[in-house]
Structure formats: C-alpha cells, structure tokens
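Trainee: The sequence shown begins at 613 in the working numbering and counts up one residue at a time.
One structure, pasted below without further comment.
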Amino acid sequence: MSGQDQADLAVQALQEAFGVEPDGVWAAPGRVNLIGEHVDYNGGRCLPMALTRVTAAAVRRRDDDVVRLASTDPEAPVFEGSLDALGPGQVSGWAGYAAGTLWALQQAGVEVPGVDLAVSSDVPLGAGLSSSASLEATVAIAAAELAGRADSPELRHLLVQAAIRAENEVVGAGTGGMDQTVALLAEEGSALLIHTRDFRTEPVQLGLEEAGLELMVIDTRVTHSLADGQYAKRRADCDEAARQLGLEWLSDATEADVDRLTDERLRARTRHVVGENQRVDRVVELVRAGRVTEIGPLLDASHVSLRDDYEVSATELDVVVEAARKAGALGARMVGGGFGGSAIALIRPGDAQGISNAVVAACRERGLTEPGTLTVTSGPAARRLS
613 MSGQDQADLA VQALQEAFGV EPDGVWAAPG RVNLIGEHVD YNGGRCLPMA
663 LTRVTAAAVR RRDDDVVRLA STDPEAPVFE GSLDALGPGQ VSGWAGYAAG
713 TLWALQQAGV EVPGVDLAVS SDVPLGAGLS SSASLEATVA IAAAELAGRA
763 DSPELRHLLV QAAIRAENEV VGAGTGGMDQ TVALLAEEGS ALLIHTRDFR
813 TEPVQLGLEE AGLELMVIDT RVTHSLADGQ YAKRRADCDE AARQLGLEWL
863 SDATEADVDR LTDERLRART RHVVGENQRV DRVVELVRAG RVTEIGPLLD
913 ASHVSLRDDY EVSATELDVV VEAARKAGAL GARMVGGGFG GSAIALIRPG
963 DAQGISNAVV AACRERGLTE PGTLTVTSGP AARRLS
C-alpha cells in the first residue's frame, strides 16, 4: 500500500470515530537501520534509512483542550483526554506515543491545540521497523503545523527531541533517538548517518541499485516491546560500564577499556558498543568509496555481536539470518531493539525469491512462526500529504 492509501484509511477512521473531516493529513516513515544498533543511547553513530512504509494521521483542530485519538488498528482503543493530562503516568497503551508527543511539544513551548486525530499505518508493529517513532513523528509534525509553526530545520530538531521525550518519559521506553531522528530528518534515496551525541546528521548515498543490490527485510512476526524491561536493562548496563570507566559516553570507550572492566556482562556490552561504532565507520567508508558490495561481512559481524555480547537476539532471528546467508545473501543481521522483530539481508535481486523461500523453510523445519519478507527502498521524512 502507498502513503496515500494510509492517508485515505486515516481519513476514513477519523470520520467514523469522531464524525469530522480533517484539516490535513500528515505521514512519517518507519525505518530500517543498516548498521549501528544499540549505540544511539551511548553517544555513538548509526546509519538508518527511512522506509516508504508510513504512519498517516488525519487531524482536525479543535477549539477546546480536548484530545481524541483513534486508530485503524482494532487492538487500539479510542482515547480521550485533555491537553493538561497527557504527561508521564497519565496515558498508557498505544495512545502514550501520540498523546506523549503532544505533551512534549507543550513542554517545548509549542502551543498545541486540542485535536481529533486518527492514524493508519503499514509499518508492522513490533517488527523492529520503528512503528512507534513513525507515529510520534507524524503526530509531531501535524501538531506543530496546526499550532502555526513554519517548517524549518530548527523546528525539525525540536520535533525530534519532543518525540524522544514522549517515548522515554511517557511510554517509558529508554530509546536513544535514532528512530525519531531519521523519521523527521531523512532524505529520500539516502541513508542518514547520525552522530547521536549531538544529533548531527549526514546523508549517505548507498548506491544499492547502481551496485545491483537490494535490502530485504525479514519479519519474524515475533513481536517485541521496548517497554518490557529488557531494553532498559541493556541501557543500565551501558550506563554502569561508562561510570566505571569514568566516561560520559560509552562510545568513547576503546578496546583497551573493555579489558579494564571486571564484570563479564559489562565487558561484553562495552565490547559490542566499541565494535559496532567501528563497523558503522567502516560501512560508511566503503559505501562512499563505491564499494557497497563489500559491507556484507560487517552486517554478519554486527549480528554475532548483538547475539553474543549484547544478548538481544532470538532464536527466530538467528534462524532467518543463517538461512538467508546460506541462500546467497551477502550479509545479514537482526535490526531494532531485538528479542523478535526483523532482520535485514543484503541481496542480489535475482536471489530474492530463493532467499525468501529458504528463510520460510528454515522456520518451518524448526516449528517457528512463518516469517514475511519484503525488499525496501529509502523514502522521505515526515511530511504533509494533503
């Protein structure tokens, strides 16, 4: 489905839920991270790209302080509240992402109006493609425009920070900001190198098509939740490792620092962060040199590190990654927070069907949920559709 299809569904949901027509429809993309996992909250570097799959929001401005939220997801109940009751501890469930973004915008000085808002998305939930940041970003850009804010680079960075606060403080998931940044700052056709310490960004043309390559997403259909505690435990480990090393950011650690840690778990977490930043730098170097065909082993190494040192993989992810490689992928790894979700594989277009068949067969042999596969391309950042 296209972004316009999601826009149409969002408009229909707004009409059915609240009996009103929208003042506008906005959309923001999901993302896939080529490399640089679990380093965003450690001041590291990552290389995500926005997808053409989006969350669309149809929004009607209200003349009071009421906020009403609806979704085409049948599992998402309608929410109603007021602008002064959207903060931490006041909203739960899916509405926390949207309502929390409105709260964070208010905290940043944006005069958010009351709204009737309905969303529709084709970004898979729990698949590691950042459906949450997609929702936050589309709500943020819609609310900012309805508040009279003109689009600008400065506004986009403000919206990024508001979306991060929504997820960290209202939803309670300690994400580092990569997802929200790429959803609001991506450039179509490029990946986005993000220096998460100061959120400086650089577009990086991947050149996949020119090299005769594609990126396949393998959705294990095993959902995960960043708010279930495991993500927070990994972040706490990193914070403690940085404290023991006397560092503000764990991404400042060196290989020698890894050996200074006495706790094996903290040593492993730090080893991943050090190695992953090095892998990001090498991938960018290769891509900019026109050697994208050589990045496969770096994707493989990232998966091994996430599986063994960071311990955020899952049986399903390990099975599909191994099957994709055996079927001809140049490299493959899990993406996202882990414990489920998706993997990516760098492939030649002619191998797509064979790799898809192979990962499905491998999961069937193990009695696992049958995965879905799709090839993805780079899409634009959050924007108004109508």
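C-beta: ideal position from N, C-alpha, C; glycine also.
This one's a predicted model, so the numbers in the text were calculated from it and none came from an experiment.
Rounded C-beta distance between A775 and T713? I'm assuming under 8 Å.
Mentor: One-based indexing of the sequence shown puts residue 775 at position 163. One-based indexing of the sequence shown puts residue 713 at position 101. 6 Å between Cβ atoms; contact.
Trainee: CB V896 to CB L818, shorter than 8 Å?
Mentor: On the sequence shown, position 284 is the one that residue 896 refers to. On the sequence shown, position 206 is the one that residue 818 refers to. Not in contact: V896 and L818 (Cβ atoms no closer than 8 Å).
Trainee: With distances taken from CA atoms, which of Q719, A853, D791 and V947 is nearest R1008?
Mentor: Summary: the structure shown does not reach residue 1008, with the chain confined to residues 613 through 998, and so no result is reported for it.
Trainee: Whole angstroms is fine: what's the gap from G984's alpha carbon to V971's?
Mentor: One-based indexing of the sequence shown puts residue 984 at position 372. One-based indexing of the sequence shown puts residue 971 at position 359. Taking the straight line from one Cα to the other gives about 9 Å.
Trainee: Please report how far the alpha carbon of A688 lies from the alpha carbon of G948, in whole angstroms.
Mentor: As a working note, residue 688 is residue 76 in the sequence shown. As a working note, residue 948 is residue 336 in the sequence shown. About 23 Å.
Trainee: Give every residue of the same chain whose Cβ lies closer than 8 Å to the Cβ of A936, excluding the five residues on either side of it in the sequence, and list them in chain order.
Mentor: Residue mapping note: residue 936 aligns to position 324 of the sequence shown, counting from 1. Contacts found: M828, I830, A944, A955, A957, I959, I967, A970 and V971.
Trainee: Could you tell me whether the Cβ atoms of D921 and T808 are closer together than 8 Å?
Mentor: The residue labelled residue 921 in the question sits at position 309 within the sequence shown. The residue labelled residue 808 in the question sits at position 196 within the sequence shown. No. Outside cutoff.
Trainee: With which residues is V637 paired in a DSSP beta bridge?
Mentor: Taking the first residue of the sequence shown as position 1, residue 637 is located at position 25. For V637, which the question treats as bridged, DSSP gives the partners A670.
Trainee: DSSP has D831 in a bridge; who is on the other side?
Mentor: Position 219 of the sequence shown, counting from 1, holds the residue named residue 831. Bridge partners of D831: S954 and G984.
Trainee: In angstroms with no decimal places, state the Cα-to-Cα distance between V933 and G952.
Mentor: On the sequence shown, residue 933 is found 321 positions in, with the first residue counted as 1. On the sequence shown, residue 952 is found 340 positions in, with the first residue counted as 1. Near 12 Å, if we compare the C-alpha coordinates of G952 and V933.
Trainee: Tell me which residues share the same chain as G708 and place their Cβ nearer than 6 Å to its Cβ, disregarding the 5 neighbours each side in the sequence.
Mentor: Mapped onto the sequence shown, residue 708 falls at position 96. Here the set comprises V782 and V783.
Trainee: Note down, in chain order, each residue of its chain lying with its Cβ closer than 8 Å to the Cβ of P1001, except the 5 sequence neighbours on either side.
Mentor: Here the chain comprises residues numbered 613 to 998, so residue 1001 is not present and cannot be evaluated.
Trainee: Using C-beta distances below 7 Å, list every residue in its chain close to L929, excluding the 5 sequence neighbours before and after it, in chain order.
Mentor: For the purposes of this step, residue 929 is identified with residue 317 of the sequence shown, where counting begins at 1. The residues are T832, M946 and A955.
Trainee: For the beta strand (DSSP E) containing I806, name the first residue and the last one.
Mentor: For this step, residue 806 is matched to residue 194 along the sequence shown. It spans S802 to H807 - the beta strand (DSSP E) in which I806 sits, taken as one unbroken run.
Trainee: For V690, is the classification buried or exposed, using 16 other Cβ atoms within 10 angstroms of its Cβ as the cut-off for buried?
Mentor: To locate residue 690, count along the sequence shown from 1; it is residue 78. That one is exposed.
Trainee: Counting only the same chain and skipping the five closest in sequence on each side, list residues whose C-beta sits under 6 Å from that of I907.
Mentor: For the purposes of this step, residue 907 is taken as residue 295 along the sequence shown, with counting starting at 1. Excluding residues within five positions, the ones whose Cβ falls inside 6 Å are V895 and L898.
Trainee: Note down, in chain order, each residue of its chain lying with its Cβ closer than 7 Å to the Cβ of A662, except the 5 sequence neighbours on either side.
Mentor: Reading the sequence shown from its first residue, position 50 is the one you call residue 662. Here the set comprises P641, R643, V794, A795, A798, S990, G991, P992 and A993.
Trainee: Does T882 pass the burial test, meaning 16 or more other C-beta atoms within 10 Å, or should it be called exposed?
Mentor: Taking the sequence shown and counting its residues from 1, one reaches residue 882 at position 270. Buried, since its Cβ has 16 or more Cβ neighbours within 10 Å.
Trainee: My guess is that A778 and W715 are in contact by the Cβ rule of under 8 Å, so how many angstroms apart are they, rounded?
Mentor: Numbered from its first residue, the sequence shown carries residue 778 at position 166. Numbered from its first residue, the sequence shown carries residue 715 at position 103. Right, the Cβ-Cβ distance comes to about 7 Å (below 8 Å), so this counts as a contact.
Trainee: Who are the Cβ neighbours of Q616 in its own chain at under 8 Å, not counting the five residues just before and after it?
Mentor: As a first step, residue 616 is located in the sequence shown; it is residue number 4 there, counting from the start. So the qualifying residues of the chain are L997.
Trainee: Which residue from L747, L695 and G693 puts its Cα closest to that of R665?
Mentor: In the sequence shown, residue 665 corresponds to position 53, counting from 1. If we check each option's Cα against that of R665, L747 comes out closest.
Trainee: Which residues in the same chain have their Cβ closer than 7 Å to the Cβ of G648, if we skip the five residues on either side of it in sequence?
Mentor: What you label residue 648 is simply residue 36 of the sequence shown in a count that begins at 1. Excluding positions up to five away in sequence, the list reads G656, R657, C658, L659, E888 and V892.
Trainee: In the DSSP assignment, the beta strand (DSSP E) including D728 goes from what residue to what residue?
Mentor: Along the sequence shown, one-based indexing puts residue 728 at 116. Taken as a continuous stretch (DSSP letters only), the beta strand (DSSP E) holding D728 covers V727 to S733.
Trainee: Got a sec? Which residues, its chain only, sit under 8 Å from T981 by beta carbon, not counting five neighbours each side?
Mentor: For the purposes of this step, residue 981 is taken as the residue at position 369 of the sequence shown. Result list for T981: T832, R833, V834, E928 and C975, in chain order.
Trainee: If you reduce the DSSP assignment to three classes, tell me which class A754 lands in.
Mentor: The residue labelled residue 754 in the question sits at position 142 within the sequence shown. Residue state, collapsed to three classes: helix.
Trainee: Any idea what DSSP makes of R903, helix, strand or coil?
Mentor: Taking the sequence shown and counting its residues from 1, the one referred to as residue 903 is at position 291. Three-state DSSP puts R903 in coil, outside helix and strand.
Trainee: Kindly indicate the opening and closing residues of the alpha helix (DSSP H) around V916.
Mentor: Residue mapping note: residue 916 aligns to position 304 of the sequence shown, counting from 1. Run containing V916: G908 to D920, per the alpha helix (DSSP H) assignment.
Trainee: Can the beta-carbon of N645 be found less than 8 Å from the beta-carbon of V885?
Mentor: Sequence index remark: in the sequence shown, residue 645 carries index 33 (1-based). Sequence index remark: in the sequence shown, residue 885 carries index 273 (1-based). Going by C-beta atoms, N645 is not nearer than 8 Å to V885.
Trainee: At which residues does the beta strand (DSSP E) containing P815 begin and terminate?
Mentor: Here residue 815 refers to the residue found at position 203 of the sequence shown. Note, P815: beta strand (DSSP E), R812 to Q817.
Trainee: Report the three-state DSSP secondary structure of L663 (helix, strand or coil).
Mentor: For this step, residue 663 is matched to residue 51 along the sequence shown. L663: strand per DSSP, three-state reduction.
Trainee: Tell me which same chain residues have a C-beta within less than 8 Å of the C-beta of A880, skipping the five on either side of it?
Mentor: Translated into the one-based positions of the sequence shown, residue 880 becomes position 268. Taken in chain order, the residues that qualify are D920, D921, Y922 and E923.
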